[in-house]
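Quick note on the numbering used here: the sequence shown kicks off at 86 and runs consecutively. Cβ coordinates follow ideal geometry from the N, Cα and C atoms, glycine included. Have a look at the structure below, then the notes.
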Amino acid sequence: MNQYCPHCEMDITAPPMSSYNESFHCPHCASRLSQCEFDIVFYAAIFITAATLTLTLVCNVNSFVALPLAMTAYHLLRPSFFEPRFRLRSLNTIKRSNPLIRKNSDT
């Protein structure tokens, strides 16, 4: 699943979160990008809650066992299933739209 750069608005494939520390650069415009923290926390909370409730209510697993199982499952599924769905955010402070195109107002 391709994501898009919010700066140049072109499709890119983001590297896995384990391959960079804080940010990575867009291959088209070289702006600094990172995954949106809200998406990371939101997907984790929804998955862990749903998995814990399913294990507890349907499978009759103790909640103290179900929670670590759900967290481990999220940790294993995140790189392949959840990371491609995270939105990207630009870490550049100024967003310039078409900086190379300049309109001539004299004509």
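Item checked: Status (buried if at least 16 other CB within 10 Å, exposed otherwise) for Glu168 -> buried
Next item on the list: Reducing DSSP to helix, strand and coil, say where Ser103 ends up.
Entry: helix
Check: Span of the alpha helix (DSSP H) holding Leu152?
Finding: Ser148 to Leu162
Item checked: Minimum C-alpha distance to Tyr105 - residue among Ser119, Ala129 and Ser175 -> Ser119
Check: Taking buried to mean at least 16 other C-beta atoms within 10 Å of its own C-beta, is Ala99 buried or exposed?
Finding: buried
Checklist line | Span of the alpha helix (DSSP H) around Leu142 | finding: Glu122 to Leu142
Next item on the list: Could you tell me if Leu138 is buried or exposed, where buried requires 16 or more neighbouring beta carbons within 10 angstroms of its beta carbon?
Entry: exposed
Margin query: By the three-class DSSP mapping on this structure, what secondary structure does Thr192 have?
Written below: Only weak support exists for where Thr192 lies, its pLDDT of 49 falling under 50; the value from the coordinates is given anyway. Of the three classes helix, strand and coil, the one that applies to Thr192 here is coil, per DSSP.
Item checked: Cutoff 7 Å; reference Cys114; Cβ partners in own chain excluding five residues on either side -> Cys90, His92 and Cys93
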